[in-house]
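Participant: Numbering (my numbering), first residue to last: 120 to 220. My structure is below; once you've seen it, I'll send some questions.
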Amino acid sequence: MQANSLTQVILYPSYRNRIGHLMGIQTGGPTRRGRRPGASKVMLEYLDRNVDLRKALRATGIFDPEDEGIPKGIAAQISNNVPEGSYVLEVEEPYEWFPSH
Numbered sequence: 120m121q122a123n124s125l126t127q128v129i130l131y132p133s134y135r136n137r138i139g140h141l142m143g144i145q146t147g148g149p150t151r152r153g154r155r156p157g158a159s160k161v162m163l164e165y166l167d168r169n170v171d172l173r174k175a176l177r178a179t180g181i182f183d184p185e186d187e188g189i190p191k192g193i194a195a196q197i198s199n200n201v202p203e204g205s206y207v208l209e210v211e212e213p214y215e216w217f218p219s220h
């Protein structure tokens, strides 16, 4: 996120009792000329009430989709591919079989 941009995240609700992950789309746009708007899928993981905030923040960042630290199911869920025959980036309901940390 930059000082001269606007960012919005829209999260897709899970219709299960226990929510471990929320899927959504993050959009961003410039407030100045010269940059283009963009969108990407995002997944947020519930970390529990008693979380080490510093440790959690150190684990954030931009990761290679092939990184072994990312479960394959998560990488597939947040892939930004638009399927053939489709014209928009769509988000599926989150699968709750992902292992929690």
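We put the beta carbon where it would ideally sit given N, CA and C, even for glycine. Note that this is a predicted model, so its numbers are computed, not measured.
Please check the pair proline 156 and glycine 148, which I expect to be a contact at CB under 8 angstroms, by giving their CB distance rounded to whole angstroms.
Facilitator: That pair is a contact at about 4 angstroms.
Participant: If you compare alpha carbons, which of Asp167, Ser124 and Val161 is closest to isoleucine 138?
Facilitator: Of Asp167, Ser124 and Val161, the residue nearest in Cα terms is Asp167.
Participant: Would DSSP call isoleucine 138 helix, strand or coil?
Facilitator: Residue state, collapsed to three classes: coil.
Participant: Under a Cβ-count criterion, where at least 16 other Cβ atoms within 10 Å of its own Cβ denotes burial, should glutamine 302 be classed as buried or exposed?
Facilitator: Only positions 120 to 220 of the chain appear in the structure, and residue 302 is not among them; the question remains open.
Participant: If you draw a straight line from the C-alpha of glutamate 203 to the C-alpha of leucine 172, how long is it?
Facilitator: Going by the C-alpha atoms only, they are around 41 angstroms apart.
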